[in-house]
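Taking it in order: structure first as structure tokens, then the write-up.
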Amino acid sequence: MKRVLIVGAGGFAGGFIVEEGLKRGYKVYAGVRESTSRKYLTDPRIEFVTFNFDDAASLKTTMEEALPKGEKWDWIIYNLGATKAISFSDFSKVNYEYLKSFIEAIKESEKVPEKFLLMSSLSVLGPQHEKDGGKFSERDIPRPNTRYGASKLKAEMLLTMEGIPYIIFRPTGIYGPRDKDYFLMLQSISKGFDFSAGYKKQLLTFIYVEDLATAIYDALEKAPVNQTYIISEEAAYTQKEYRRMASEALGKKGVISIPLPLWIVKGVSSVAEKWGVAHMKASTLNRDKFNIMKQRNWDADVSKAKKDFGFSPKVSLKEGLKKSIEWYRKEHWL
Numbered sequence: 134m135k136r137v138l139i140v141g142a143g144g145f146a147g148g149f150i151v152e153e154g155l156k157r158g159y160k161v162y163a164g165v166r167e168s169t170s171r172k173y174l175t176d177p178r179i180e181f182v183t184f185n186f187d188d189a190a191s192l193k194t195t196m197e198e199a200l201p202k203g204e205k206w207d208w209i210i211y212n213l214g215a216t217k218a219i220s221f222s223d224f225s226k227v228n229y230e231y232l233k234s235f236i237e238a239i240k241e242s243e244k245v246p247e248k249f250l251l252m253s254s255l256s257v258l259g260p261q262h263e264k265d266g267g268k269f270s271e272r273d274i275p276r277p278n279t280r281y282g283a284s285k286l287k288a289e290m291l292l293t294m295e296g297i298p299y300i301i302f303r304p305t306g307i308y309g310p311r312d313k314d315y316f317l318m319l320q321s322i323s324k325g326f327d328f329s330a331g332y333k334k335q336l337l338t339f340i341y342v343e344d345l346a347t348a349i350y351d352a353l354e355k356a357p358v359n360q361t362y363i364i365s366e367e368a369a370y371t372q373k374e375y376r377r378m379a380s381e382a383l384g385k386k387g388v389i390s391i392p393l394p395l396w397i398v399k400g401v402s403s404v405a406e407k408w409g410v411a412h413m414k415a416s417t418l419n420r421d422k423f424n425i426m427k428q429r430n431w432d433a434d435v436s437k438a439k440k441d442f443g444f445s446p447k448v449s450l451k452e453g454l455k456k457s458i459e460w461y462r463k464e465h466w467l
């Protein structure tokens, strides 16, 4: 039985990664922080490991106490990360410095796994193929234009230089039940309004959270080490297509499309970010988010993942939206 440690198990995607590991019969360890909610981590088979990332010296001790001396996890899935923060230093702290401390601890405690999978982001590549209409691929040179993307790229570079057998995932927009970010779009559409940034056509890509979890274990089981993969549903969608599928799933007719000029979105994003800083709270709408929203092309080539470990997402956006909305209604979010 493989032993898998999932760091960041309490996050949106983390719970699904834990569930997929249990389905496959692995011994699953959920790496969480003391403050992490365990609302979706209730299976009695889960072993918990509580890390204090603000005390780097304690990480080694925690690992040594989690497993007997001489034993280690076969695989580590590092899903810990911040997608929004008050400042770049916060992004760097959570997405880079915590990883650095964690890697040092697994080396010092002699618990380097067979494979270490890092959850990065498509955002590390920045705005590419805006004019040629091409697809993102692993051959593209990263040029992040967001603080989030830059911090994730730093994490990638660190891992590749540490001599640990790694796999890096660069997923596109992750959505599904329990997600709070895309939920805001659905909530707006349910009220009859669909706001978008800019007037030019935009191609969006998505990956349903359960397909992502499946891909993670398929890669750990089959993919060669020291490889990077883009993870996305193969189809790309316009905002109009997204709105149509979402409104159908919601049973909402007469949704009003409101495209906003980029200069207005930029101004609102800046004000929202400053409000967040003043109140010491990370704002969902910020300058990073603006750069993501203004990007016109998120189309992605997943042929490498298909070739190396048979990546084949099962849930289309239409079906995924339906599943998500059913969950939101069941939980009274909508």
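Heads up, the sequence shown stops at 467 in my numbering, and the numbers go up one at a time, no gaps. The C-beta atom is built at its ideal place from N, Cα and C for all residues, glycine as well. Source: prediction; values computed, not measured.
Along the beta strand (DSSP E) that carries residue i, what are the first and last residues, could you check?
i, result
"L393", "389-393"
"S445", "No beta strand (DSSP E) contains S445, which DSSP labels as neither H nor E."
"E180", "180-183"
"Y211", "208-211"
"A163", "160-165"
Select from the options the residue whose C-alpha is nearest the C-alpha of residue i.
i, options, result
"P310", "L454, T338, A405", "L454"
"G306", "D432, A438, S170", "D432"
"R157", "L353, S284, E241", "L353"
"E153", "R376, D351, Y299, R276", "D351"
"A215", "G147, E241, S242", "G147"
"K437", "L319, T371, A348", "A348"
"Q372", "D176, E204, K334", "K334"
"G144", "T169, K135, R462", "T169"
"E247", "K135, K407, E263", "K135"
Residues in the same chain with beta-carbon distance under 6 Å from residue i, minus the five sequence neighbours each way, listed in chain order, please.
i, result
"L251", "Y211, L292, I301"
"A189", "S234"
"P392", "S329, Y332"
For residue i, which of helix, strand or coil comes out of DSSP?
i, result
"I340", "strand"
"K248", "strand"
"Q360", "strand"
"L138", "strand"
"G148", "helix"
"F471", "Absent from the structure is residue 471, since the part of the chain shown begins at 134 and ends at 467."
"I297", "coil"
"N506", "No answer is possible for residue 506: the residues shown for the chain start at 134 and end at 467."
"I274", "coil"
"F269", "strand"
"I307", "strand"
"M290", "helix"
Beta-carbon within less than 7 Å of residue i's beta-carbon, same chain only, minus the 5 sequence neighbours each way: which residues are those?
i, result
"V151", "I139, A142, V161, A163, L174, I179"
"I297", "I236, V245, F249"
"M196", "A238, I239, S242, K244"
Could you name the residues of the same chain whose beta carbon sits closer than 8 Å to that of residue i, not counting the 5 residues immediately before and after it, in chain order?
i, result
"K217", "Y281, A415, S416, T417, N419, D421, K422"
"E167", "T183, N185"
"G387", "G325"
Which residues mark the beginning and the end of the alpha helix (DSSP H) in which residue i is found?
i, result
"A330", "Segment 326-330 is the beta strand (DSSP E) holding A330; no alpha helix (DSSP H) there."
"Y173", "Per DSSP, Y173 belongs to no alpha helix (DSSP H) and is neither H nor E."
"W460", "450-463"
"Q261", "Q261 -> no alpha helix (DSSP H), and no H or E assigned at all."
"Y375", "372-383"
"M318", "314-323"
**OP:** Inspect the CB distances between the region 336-348 and the region 365-376 and report whether three or more fall short of 8 Å.
**Re:** yes
Original post:
Does the region 309-326 come close enough to the region 264-276 that 3 or more CB-CB pairs lie under 8 Å?
Top reply: no
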